[in-house]
Amino acid sequence: MSAAFFPVATLATSLLAAAIIFLLPEGAFRARTGLNLAAAVLKIGLVAWMVRGLSQGHSYAVEFPVLEGLAFVLRADALGIMFAGLSSLLWLFTTVYAIGYLEDSPNRRRFFGFFSLCVASTLGISLAGNLFTFLIFYELLTLSTYPLVAHRGNPKALAAATLYLRFTLTAGLVLMLGMVALHALAGDIRFGQREVLAEFGAEQRGTLIAIFWVLIAGLGVKAALVPLHGWLPRAMVAPAPVSALLHAVAVVKAGAFGIVRLVYDVYGAELSQALGLLTGLAIVASVTILYASLRALAQVELKRRLAFSTVSQVSYIVLGIGLFGPLGTIAALSHLLHQGMMKITLFFCAGNYAEELGIHRIDELDGAGRRMPLTSLAFSVGALGMIGLPPLVGFLSKWYLGTGAVQAGMPWVIAVLVASSLLNAAYFLPILYRLWFCPGPDHGVGEWPAERHLGRFETSSWLLVPALATALFSVLAGLFAGLPYSPLEWATRVANLEYLP
Amino acid sequence: MSAAMTPLLWLALVAPLPLGLLALWKPPYRMRDVVIAAGGLPLVTLWLLSRAGEGALQGSLALGGLSLHWRLDALAALLLLLTQLVLLASAAYAVGHRRAALSGDASHARFWPLLGGLAVALGVIWVAADLLLLYAGLELMGLCAVGMMLLPGKAEAIRAGLRYLLYALVGSLAWLLGVALLLGAWGTLELSALAAVAEPDITTRIGMALLAGGLLLKAAIFPLHGWLAPVHASAWTPVSAVHGALVVKASFFILIILWRLLLPEAVAAAWALGLLGAAAVLWGGLKAWRADSLKQVVAWSTVGQLGYLMLAFPLLAGAAAPVAAMAWQSTWLQLAGHALAKAAMFMAAGNLMFSTGASRLADLAGTSRRLPLSLMTFGIAAVTLMGLPPSAGFTAKWLLLQASLASGQWLWAAVLVLGTLLTAAYVFRMLRCSFVEEAPRHEFQPLPRGMDLTPLLLALAAIGLGLVAEWPLSLLRQGGVP
């Protein structure tokens, strides 16, 4: 009974929360806030329970047939629960942040309703047990993020939302085509049944390769692989919590997570390597990393620079997948978590600067470290982590990527890593320099674009606490990477499952 | 087979007519009354369905020298259930619609017997097993539908309604000619006997072509769809809902049943029908995309969505058994999902238009704040039309894609993809208008709660059907592909 209960209950927490929020009147601020937070905390509890259960050898799964030979499967495995843990943890912080961010703004019911639907979809993606179930939640994610991107309702937001839809809906269709083709070829493959495709003979190799790239094209839009990344920088017009969500937890991660599932749980690393798919992935990822870093360098708006940085950082995950061997896998999976924590911190901070001081452009940040020290500290932690400074988590990802490249026999990847770290430094260090060392309005030079005093501290605590908490998490995850249940340790556990029979 | 089944079936089939007459005499004022009066009928059908494993129920009615054959198999019973649910929903909606929109309008009472007649006609069509009974059902359905379209009594409604009548009569004429040819050549009107004796010779082909022409006209299949959008423009919302959801589908149902019986191997003709469907998908989608008024968007979307159903013909004709099974299941799932979603969408669109007092897309600005429930319903219904998961439209599309890939008929997969993108384009064009925050209007009329609730339930049913599709489809598989 409990095997079926936990995945369903975890999903239901967010779905029910969404339904109730839609039914609550717009003015019911307290009830909505309470419900949001209670649901987020409850979900963390349920996920934590499953994490504990999984490591004790319990299994959690539920399924029912939807068509002949095709089932809806929810199943918590080590990989899925890792992503579920990330999303439910970061969700709590994003919810807190969003409550503070949207204070007194219109349409909060709609926002939080779709926000909860979005959580539910992300959770469904992480617990999906086959491609069909994955697709259901993947498309639900597209639909539930549209109103969030369009939230402000001005022409710019609507145009960005339309562009977002064009990309994601088309990609969804491409993904569906690939899945149907794979289904027609091999039937309903549960995640983890790597032997199904491995048994196909040489005459099916061409078909398998073609289907793989079709599926990657479908997943690559959400994962923002170059040249399919165009929607992401434009979607920056959305409110800051939505950007945080798009970049760190939900949308791009759903794409990257889909690629992880496809390679490790459907094709299997060995078949992917044998078909030459991994090298292709590594090349696509390297191009994305370098191109997006160069583009980031040229941006003058803070959020746009962060957006291009996301494009490049998410591809580290894909790069790690492309490196055959346990070290590459560890790099990919741990970066999935690490990037989420660092990037969400950066977006929270960018939102804080915009809310408190009206800062949107990088050259307006001069001296902001004095006016908002804690936010700037959190930003610095995130930025230095992205560059890969030890002992922050970003360093671990890059270390494993480098060693993984050696293990996979692809030393050229190290050159990509070095170049991208230099580029990361080149677009993040000037921001830190401006924050801490340039004289700004608080030193008597110029004035802030639109200063407000939102709270007792440097800004509203609803906005400040989430940023600090996620920054703290990314420090702790780096410092205590060796302890059980740290992201790195869990990633290692999953990688061992993949490579050891 | 239990002896109670036949009388119960006829009770479920015929009961709507006396109920409609009762309502003419004493119109219901509360939705609850409608649900209490007619809510038992779907339960009867559900009970009949639970006995479907025992094989089809059949028999004949003797009318003087004529005997009319009927047959209730799983497909007919499922369609009957669908019909009852959609008609019940639109009847409930009509009560609220009358209270909110047309208080004191005497012509409203005439809606009820027409709805009852329509229910009987549709039921007869689902169970009919000979051409004469089908004709009776088809004519009764057409007349009731025209009557309902004329109800608003405005000049444009009457013009559009009469045009519809004209088309329907032309369609019937073609049908009668076809029937006469078949009767003359093979000497029987009973479907199973006809299937046994009829050879696919030139007479059968011409007869079937005439039948098909008449039915395509009545089903508003491209390029014979011209009458559809104008009649919806002026019709009452519950009437549009019933018409878009069920009436056009009935003609399609007859067409595919006859086609499978008489010309199952006619690949070229089936491809022609499939191409018509493809053109309908694209043209209907384009017109819906360019339409300015909300109701026109929904009406043109029906033209496009009917096209998906036509893709079944080439996938069934001369196909391997697994492909045919997938195409067959997909067609009925698509039909059911579309019926539920389209009824919901017409009602939601009607609510939006009624509350804002405007019918143009541009006038929807601010509705996402003021009418979130109606808009949400529209959105949920649209999920099914777009074929996004987890709706019935999605599951049907998955099956259809699988069938087209498995049979190597890639063209239909391309049509599905383009159709989906077009659907998304017109749906999101509408939703986008509703998100506009600049200059939101502030006078919105409140609606009775039931008018919001009814379409929401229908839309959710269309979504839920995608997840529990295995239940109806397994019943359908027992019957096999004809």
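Those protein sequence lines, which keep their order, are chains A and B. Each residue of the first sequence is one higher than the one before, starting from 1 at the first, in this note's numbering. Each residue of the second sequence is one higher than the one before, starting from 1 at the first, in this note's numbering. Even glycine gets a Cβ: it sits at the ideal position worked out from N, Cα and C.
Cβ-Cβ distance between residue i and residue j below 9 Å
i: D452 (chain B); j: T377 (chain B); result: yes
i: V252 (chain A); j: A292 (chain A); result: no
i: L122 (chain B); j: M149 (chain B); result: no
i: P238 (chain B); j: M347 (chain B); result: yes
i: F348 (chain A); j: A210 (chain A); result: no
i: A12 (chain B); j: L48 (chain B); result: yes
i: V436 (chain B); j: A365 (chain B); result: yes
i: G53 (chain A); j: F6 (chain A); result: yes
i: G277 (chain B); j: F313 (chain B); result: yes
i: F83 (chain A); j: I125 (chain A); result: yes
i: D130 (chain B); j: L191 (chain B); result: yes
i: L319 (chain A); j: L281 (chain A); result: yes
i: A89 (chain B); j: A241 (chain B); result: yes
i: T356 (chain B); j: L371 (chain B); result: yes
i: F115 (chain A); j: T95 (chain A); result: yes
i: G274 (chain B); j: L333 (chain B); result: no
i: G387 (chain B); j: T423 (chain B); result: yes
i: A145 (chain B); j: H232 (chain B); result: no
i: G520 (chain A); j: G69 (chain A); result: Residue 520 (chain A) lies beyond the residue range present for chain A, which begins at 1 and ends at 501; the question has no answer from this structure.
i: T454 (chain B); j: M31 (chain B); result: yes
i: K303 (chain A); j: A350 (chain A); result: yes
CB-CB length for residue i against residue j, believed under 8 Å
i: L115 (chain B); j: A92 (chain B); result: Not confirmed; about 11 Å, so no contact.
i: M386 (chain A); j: F428 (chain A); result: 6 Å
i: L228 (chain A); j: G220 (chain A); result: 5 Å
i: G367 (chain A); j: P441 (chain A); result: 6 Å
i: L384 (chain A); j: Y97 (chain A); result: Not confirmed; about 21 Å, so no contact.
i: L123 (chain A); j: L262 (chain A); result: Not confirmed; about 19 Å, so no contact.
i: V86 (chain B); j: A462 (chain B); result: The Cβ separation is near 11 Å, so there is no contact.
i: S397 (chain A); j: H335 (chain A); result: 4 Å
i: A405 (chain A); j: V413 (chain A); result: 4 Å
i: H338 (chain A); j: S421 (chain A); result: With a Cβ gap of about 15 Å, H338 (chain A) and S421 (chain A) do not count as contacting.
i: A219 (chain B); j: K342 (chain B); result: Incorrect: roughly 14 Å between the Cβ atoms, too far for contact.
i: A413 (chain B); j: S404 (chain B); result: 5 Å
i: G172 (chain A); j: T142 (chain A); result: 6 Å
i: M236 (chain A); j: A296 (chain A); result: Wrong, their Cβ atoms sit about 13 Å apart, outside the cutoff.
i: A119 (chain B); j: T83 (chain B); result: 7 Å
i: A264 (chain A); j: E489 (chain A); result: This sequence places Tyr at residue 264 (chain A); Ala is not what is there. Their Cβ separation, rounded to whole angstroms, is 18 Å, which puts Y264 (chain A) and E489 (chain A) out of contact at 8 Å.
i: L258 (chain B); j: L228 (chain B); result: Between L228 (chain B) and L258 (chain B) the Cβ distance is about 22 Å, and since that is not below 8 Å, they are no contact.
For residue i, the residue or residues it bridges with in DSSP
i: P65 (chain A); result: A:A71
i: Q60 (chain A); result: Here residue 60 (chain A) turns out to be Tyr, not Gln, going by the sequence shown. In the DSSP output, where bridge partners are listed per residue, Y60 (chain A) has A:A76.
i: S293 (chain B); result: B:R360
i: A282 (chain A); result: Paired residues: none, contrary to the question.
i: R190 (chain A); result: A:N130
i: E190 (chain B); result: B:D130
i: E301 (chain A); result: A:R361
Practice task
List in chain order: all unbroken alpha helix (DSSP H) runs of 4+ residues lying wholly within the segment 377-423 of chain A.
Solution key: 393-408
Problem - the segment 139-163 of chain A: positions lying closer than 9 Å to chain B by Cβ - result: E139, L140, T142, L143, Y146, P147, A150, H151, R152, G153, N154, P155, A157, L158, A161 and T162
Exercise for the section: Go through the segment 304-390 of chain A residue by residue and report every complete run of the alpha helix (DSSP H) that reaches 4 residues or more, in order. Expected result: 326-352, 368-371 and 373-387
Exercise for the section: Please list the residues of the segment 309-341 of chain B that have a C-beta atom closer than 7 Å to any C-beta atom in chain A, keeping them in chain order. Expected result: none
Handout entry: Positions along the segment 347-362 of chain B whose CB lies within less than 8 Å of some CB in chain A
Key = none
Practice task
Can you check the segment 300-386 of chain B for any alpha helix (DSSP H) of at least 4 residues that lies completely inside it and give the ranges in chain order?
Solution key: 312-316, 321-356, 367-370 and 372-386
Handout entry: Contact set between the segment 178-194 of chain A and chain B, restricted to residues whose Cβ is under 8 Å from the partner
Key = V180, A181, H183 and A184
Handout entry: Secondary structure, beta strand (DSSP E): runs of 3+ residues fully inside the segment 1-71 of chain B
Key = 57-63
Handout entry: alpha helix (DSSP H) runs wholly inside the segment 82-156 of chain A, at least 4 long, in chain order
Key = 108-127 and 131-149
Handout entry: Contacting positions in the segment 218-247 of chain A - beta carbon closer than 9 Å to chain B
Key = none
Problem - Under 7 Å (Cβ pairs) to chain A, residues found in the segment 386-406 of chain B - result: L388, P389, P390, T395, W398, L399, L401, Q402, L405 and A406
Handout entry: Within 7 Å of chain B by C-beta, residues of the segment 71-82 of chain A in sequence order
Key = F72
Practice task
Taking a Cβ distance cut-off of 9 Å, strictly less, list which residues of the segment 456-478 of chain B are near chain A, in chain order.
Solution key: G466, L467, V468, A469, E470, L473, S474 and R477
Practice task
Would you list, in chain order, the members of the segment 104-131 of chain A that have their beta-carbon closer than 9 Å to a beta-carbon of chain B?
Solution key: P106, N107, R109, R110 and G113
Practice task
Could you please tell me which residues of the segment 406-422 of chain B, in chain order, have their CB closer than 9 Å to any CB of chain A?
Solution key: A406, A413, L416, V417, T420 and L421
Problem - Proximal residues, the segment 422-434 of chain B versus chain A, C-beta separation under 7 Å - result: A424, F428 and R432
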